[in-house]
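Presented below is the structure to which this report refers.
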Amino acid sequence: MSRAQVSEGTLIDYRHEDRAGIDVASLFEAFDPLRGAKLSILDESGAIVDKQWMPDLGPEAILEAYRAMVLARVADTKAVSLQRQGRLYTLPPNLGQEAAAVGSAMALEKTDWMVPAYRELGAWLWKGVPLKVVYLWYAGSEYGNVFPPDTRILPICVPISTQLLHAAGIGHAIAYRGGSDVVISYFGDGGTSEGDFHEALNWSAVFNCPVIFFCNNNQYAISCPRRDQTRSETIAQKAIAYGIPGIQIDGNDLFAVYRATREAAHHARSGRGPVLIEAETYRMGAHTTSDDPGRYREKAEEEAWKGRDPLLRVRRYLEAAGLWNESLESAALEDAGRKADQGSREAEALPPNDADEIFRHAFAELTPELQAQKNALKTFLKWKESS
Amino acid sequence: MSRAQVSEGTLIDYRHEDRAGIDVASLFEAFDPLRGAKLSILDESGAIVDKQWMPDLGPEAILEAYRAMVLARVADTKAVSLQRQGRLYTLPPNLGQEAAAVGSAMALEKTDWMVPAYRELGAWLWKGVPLKVVYLWYAGSEYGNVFPPDTRILPICVPISTQLLHAAGIGHAIAYRGGSDVVISYFGDGGTSEGDFHEALNWSAVFNCPVIFFCNNNQYAISCPRRDQTRSETIAQKAIAYGIPGIQIDGNDLFAVYRATREAAHHARSGRGPVLIEAETYRMGAHTTSDDPGRYREKAEEEAWKGRDPLLRVRRYLEAAGLWNESLESAALEDAGRKADQGSREAEALPPNDADEIFRHAFAELTPELQAQKNALKTFLKWKESS
Amino acid sequence: MPVMTMVQAINSALDSKLADDERVLCYGEDLGVEGGVFRVTENLQSKYGRRRVFDTPLAESSVVGTAVGMAIAGLRPVVEIQFDGFVHPAFNQIVSHVSRFRYRTRGRMPMPIVIRFPSGGGVRALELHSDSPEALFGHIPGLKVVMPSTPYDAKGLLISAIEDDDPVIFMEPKRIYRAIKQEVPEGLYRIPIGKARLLSEGGNITVVAYGAIVRIVQQAMIELKKESIAVELIDARSLYPLDTATIVASVKRTGHLLVVHEAPESYGAAAEIIARVTQEAFYYLEAPPARLAGHDTPPPLPKSEDLYFFGPERVAYEVKRVLAARP
Amino acid sequence: MPVMTMVQAINSALDSKLADDERVLCYGEDLGVEGGVFRVTENLQSKYGRRRVFDTPLAESSVVGTAVGMAIAGLRPVVEIQFDGFVHPAFNQIVSHVSRFRYRTRGRMPMPIVIRFPSGGGVRALELHSDSPEALFGHIPGLKVVMPSTPYDAKGLLISAIEDDDPVIFMEPKRIYRAIKQEVPEGLYRIPIGKARLLSEGGNITVVAYGAIVRIVQQAMIELKKESIAVELIDARSLYPLDTATIVASVKRTGHLLVVHEAPESYGAAAEIIARVTQEAFYYLEAPPARLAGHDTPPPLPKSEDLYFFGPERVAYEVKRVLAARP
Ligand SMILES: Cc1ncc(C[n+]2csc(CCOP(=O)(O)OP(=O)(O)O)c2C)c(N)n1
Ligand SMILES: Cc1ncc(C[n+]2csc(CCOP(=O)(O)OP(=O)(O)O)c2C)c(N)n1
Ligand SMILES: [Mg+2]
Ligand SMILES: [Mg+2]
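Same order as they appear, the protein sequences are chains H, P, X and A. Counting with numbering that gives the first Met the number 0, you get residues 0 to 386 for the letters of the first sequence. Counting with numbering that gives the first Met the number 0, you get residues 0 to 386 for the letters of the second sequence. Counting with numbering that gives the first Met the number 0, you get residues 0 to 326 for the letters of the third sequence. Counting with numbering that gives the first Met the number 0, you get residues 0 to 326 for the letters of the fourth sequence.
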């Protein structure tokens, strides 16, 4: 995983720690979605309920993951509050989906590709996207799509499930070059209904593209509940249509997410093609800051899911293991708060765009049409200033 | 099925003959595509190999079905030969797929809807489309899309799998009105790769639309063999992605096609939603009259499939039952030939279109734009005539 | 008479037609329970039930493709696409079927379908929530394309669209969804599709606009009036059919033409209007007919929106440029 | 120099670039083993292998959508859509991604993609095999749109398209795939995208056309010459960017303009050309600039094709109409 290169070097390099022992087929066989199986390792109380599949993660790794989840939550909460103050535009809150984001991202290598939808903040940060860049996107700037060099991540994708074909294409390119990278692509339960979902999985299966299709099944597509989206018992079983493995996991369980993604990555990396992971989670907040979930779901349901909070259970696990306590928690929250503040300050410091900027990058070189339009705008702006 | 209303009344009305006894679930459970099961009743020698599922069809019904297959084949052969003479335009031959077409169509009621792709000639004829109309389409006339009143069939659909959503919509409308009709929609193995295939099955499942998705898996999409189209073992198993029944059948076996379609219709009609049928068959001819299969498949493969000819085995069955012989065969061929000749003569008798005709039906009423364009064309044509 | 915003007027049109005609169904993403992301369909599901007003899976090709089937089965679906930018997954069904079925079947299978969606920019929205694809639809034979600029027109045009036996792309200028309040009759009334509206007669120049831009031109006209420049403002209302006659008659009076829209300039609707006017009023034109339109780039994200979407000042400036043109 | 049809010239362009650049891949439906339904890609798979030239599942959104991913990963995909009418399932990927990725990422993720397809009618084809969607693509910011009219141009433009760092819609006029033979160099050469070609200088009228229509205008010119009418014929070659300068310069010389295309008239490419010319050469125009285009209907099936797709006679007739125009 060579996180050393992305973070500050405090981590062990656990690149190979559980590679050798993986028997990929057995995980996907053991958790056949048609038999109602679902991978679940860490329960709500913080107990390990499935020792067989518990990944071999060292304490530092788990602590780092937990801190990453805290950062995602704090940065997200900050974004929502800045939006309420009118300092950011409409944005999609991540509350409740931190385990799925961080657990999946940490199962990959730095050189792997990440193809986001728009609700995987924890994954982007893990991948190396600066908070400033995230806030820039929320602030309505195209610079929110500009990442540090060699950060193999695509921008947020607005049209649902279209990104899955980009993931297939990147996977295809990797296979073409004989590389050993894999691609992870995120999408929602709603995203499974689009034709592009189907085409991306079919293409990837046919060409054996190394792609992990990671579905954040957060039970809703805006107001549409999962049961009205599709009649299949699980989303995982849709894999059968493409002759590839599919697995349903507890998406609020950091260890299950990590384990399943890691084995899917191994599967893909070893040339066996794509895998579909359905991570069952819950969108604890609104769809976007413009949305009001009160219109379409019960408070009781929301309350029920609060107990399944993905952070809480890791914290309980760490506390039980003597690795965490109140003061470490405060320190982590404070640290995350500082980072979020700094990121948002940096984003707000970006000067407004000028007329040149909005024409730039339409093409490698401005067409005569655009040149004329730009001239016209600038002439007008000059006239306006002078009058 | 009330064929009496469509044909000349020589048939028994077997509308209810096997309705009561059907246990729909048991067919689809017995032939689980994931366990490699495939419904096959009539083998190549004309023997019944699965008595349990043999439909309760009387001799007249089987004779009529056989004659319908003969007509489809003769009319198709005629079309191909007219095309070679330059009297028809590019068209898709049906050779080898007659059992799938006739067997599925005869399992439905007159009031059911049929949504074609473009290679189910036998089904259209059974449904009541006059041969003249078929030839008109092949002759490049929009009147090839005009059917006798109350013939519940849609025109040939050129863009692959888009018709499946129309079928879903018709099914939805039936359910909306509380009707008991069903819809059958045809498509090919290639058609399973389009996003619209996925969306149509998902929609139909979600809304419990009474639609039979009938896949003519003829092993090729133009030059692309079935194995390169998708990695799933069967097409039938794609049903699992939508939580609906899927079954693989021998598509060259009239009885298997009839039985599966009939039970699917019953399933749909009784409000249990859509069914996916994969009929394994073989496109014995070219993709279209412009295609040369020699570029992409082996003669040996074509030869192997000749033994599985869907007509031959019904003929053998009938002969063994003492219901058919050489002279009946000649008479049937002759009769079909006469009908094909007459249909093609009628089609060729259609006068060429004039300027009015090509503007007609763009809208209910011509827009000012079209009115002007029509005037301009007619002025030009008049000038041309006079000069 | 009740006073309504455009959102309310559209809701009222749907309500009236749902009440009036059993064949009318409304569906789309988040349109039922939630009442639409802009609340355009609020309360319709509770009033007409889940059979007639319903949420769909997240699949635009389905939303439009099933409407084709429903139309063939004799219904009159009024479907919603959530935003302008999400009509594209349904493009194939629109181009290949919605627009062609009547022609294909020699009138046997008409397509009385309305495809509604909020359109255009200026609301600080995410990517693909600010597009103006009207010219694309205008170029597809077999479609009618409509965009209202007031609540009153919105309701009357939408009722006409639902009653039309041909498919109508009904674009709703989301920027003015709630910006204008106007008296709007309850119950049914119609505004014919294909008729422009002359908003002010007598002037030195004809300005053609539609949708949210009409209001911006009106704002510009206040300033222009101070400089004694009078504008004949025409709200095209329908892009196809386009009311060429009304526009040409006006240009014959004014001798000058400016067409304004927010969609990208190249191959946009202004080009079509100018081509028709130069064809039919060439000898009346005193200056080159001009256009003010969006740039040939995607609409930028909110931070740069004000540089892309022009306001009244720019309109006034362009009007004066047309009037000042000399050989 | 070898003599080639357009099919052969395009094949030669693909061959040259496949040989030249490892990042170039060609894929689409039936393009590999079969060599394409028009044999445009014949022998390329056997020469470059199944990794670089391959058949895809029957899914156009995939064909284009995966190209986006491949471009991000540093490849230069040249994809084929089997026919004009089947580009629409890929429309969402084109509008939402192919055309926007560079802009979206401030230049970090350019889209060096070519989307090729046979276009236009006149070949007695099935429905949806005779469409001319160039104006749709011209209106989408971020795309270049090209259509050659000769084998020589086809090869040179396609090589430029493949080497372009921006996405190019490369439309191949199927009607003249084999109609014209011409000397075409082997190996690499380029024709710049965005430059029109003036085919004949000196005349009473400027006629702008592109693709298969150029040849029809040339045929009309033979007749017109007999009546002493000389035409300045311009092959636009690129619809976006459009070489306005060359067209305007010609109109300034001739004072008359006719734009000809087979796509439907309303909101078609001719409107754009006329809008630009009236803007920039208004005072030089002696008569209303005119257009001859397809009707606002779908192209009819073969039986009526000749009523829809005009020939040289109609072109000559319209030229004379423009020249005869009086106030
Ligand atoms: C093609 C398309 N259609 C509609 C939308 C509007 N929209 C944005 S998010 C969303 C729901 C997505 O649900 P899901 O895939 O479950 O992801 P979630 O938001 O729950 O994370 C919709 C309908 C869109 N962005 N793209
Ligand atoms: C959207 C679309 N893409 C491409 C085509 C061109 N095309 C016509 S038939 C065909 C193959 C179809 O294969 P399949 O679905 O297996 O049906 P079959 O022809 O074998 O009956 C293709 C690619 C088309 N008609 N529509
Ligand atoms: Mg969701
Ligand atoms: Mg096939």
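For every residue, glycine included, the Cβ atom is placed at its ideal position computed from N, Cα and C.
Query: The region 124 to 131 of chain A contacting the region 309 to 321 of chain X, beta-carbon criterion three pairs below 8 Å; Result: no
Query: Per-residue contacts from S227 of chain X into chain A (C-beta, under 8 Å); Result: Going along chain A, no residue has its Cβ under 8 Å from S227 of chain X, so there is no contact; the nearest lies around 25 Å.
Query: Residue range of the alpha helix (DSSP H) that includes R75 of chain X; Result: Careful: R75 of chain X lies outside any alpha helix (DSSP H), inside the beta strand (DSSP E) at 75 to 79.
Query: Backbone secondary structure at T378 of chain H - three-state DSSP; Result: helix
Query: Distance cut-off 7 Å: N215 of chain H Cβ against heavy atoms of ligand 1; Result: yes
Query: Cβ neighbour criterion (16 or more within 10 Å) applied to K383 of chain P; Result: exposed
Query: Closest Cα partner of G57 of chain P within the set P:L90, P:Y257, P:V182, P:G139; Result: P:Y257
Query: Ligand 4 heavy atom lying under 7 Å from the CB of D249 of chain P; Result: no
Query: Below-8 Å beta-carbon distance, A124 of chain X vs any chain H residue; Result: yes
Query: Whole-angstrom distance between V182 of chain H and T110 of chain H, CA atom to CA atom; Result: 9 Å
Query: I221 of chain X classed as buried or exposed, judged by whether at least 16 other C-beta atoms fall within 10 angstroms; Result: exposed
Query: V86 of chain X, buried or exposed, once every other Cβ within 10 Å from all chains shown has been counted against 16; Result: buried
Query: Heavy atom of ligand 3 within 7 Å of R188 of chain H beta-carbon; Result: Sequence inspection shows Asp at residue 188 of chain H; the Arg mentioned does not correspond to that position. Yes, ligand 3 has a heavy atom inside 7 Å of this Cβ.
Query: DSSP-derived helix/strand/coil call for K143 of chain A; Result: strand
Query: Cβ-heavy atom distance, A195 of chain A to ligand 2, below 7 Å; Result: no
Query: Contacts around A267 of chain H, its chain only, beta-carbon distance under 7 Å, and the 5 residues preceding and following it disregarded; Result: V181, P209, V210, I211, P273, V274
Query: Alpha-carbon spacing of K180 of chain X relative to I9 of chain X, whole angstroms; Result: 13 Å
Query: A160 of chain A versus P240 of chain A: straight-line alpha-carbon distance, rounded; Result: 13 Å
Query: Closer than 8 Å to chain A by CB, T288 of chain P; Result: no
Query: Chain H within 8 Å of D295 of chain X, Cβ atoms only; Result: yes
Query: CB contact check: K46 of chain A to chain P, cutoff 8 Å; Result: no
Query: Contiguous alpha helix (DSSP H) assignments of at least 4 residues, all confined to the region 225 to 254 of chain P; Result: 225 to 228
Query: Segment limits, beta strand (DSSP E) that includes N215 of chain H; Result: 210 to 216
Query: CB contact flag (D242 of chain A, Y209 of chain A, <8 Å); Result: no
Query: Whole-Å CB distance - D249 of chain P paired with K37 of chain P, under 8 Å assumed; Result: 7 Å
Query: Separation of T229 of chain H from P367 of chain H, as counted between CA atoms; Result: 49 Å
Query: heavy atom of ligand 2 below 7 Å from E28 of chain A C-beta; Result: yes
Query: Whether V62 of chain X touches V78 of chain X by CB criterion (8 Å); Result: yes
Query: Extent of the continuous beta strand (DSSP E) run through F116 of chain A; Result: 113 to 118
Query: Alpha carbon of G84 of chain A to alpha carbon of Y88 of chain P, nearest angstrom; Result: 18 Å
Query: 8 Å Cβ cutoff, A289 of chain X in contact with chain A; Result: yes
Query: Partner residues on chain H for T243 of chain A, Cβ-Cβ distance less than 7 Å; Result: P367
Query: Alpha carbon of R101 of chain A to alpha carbon of A371 of chain P, nearest angstrom; Result: 42 Å
Query: Contact check, E285 of chain X vs R252 of chain X, beta carbons under 8 Å; Result: no
Query: Residues from the region 298 to 317 of chain H in contact with chain X, defined by Cβ distance under 8 Å; Result: none
Query: CB contact below 8 Å: I161 of chain X versus chain P; Result: no
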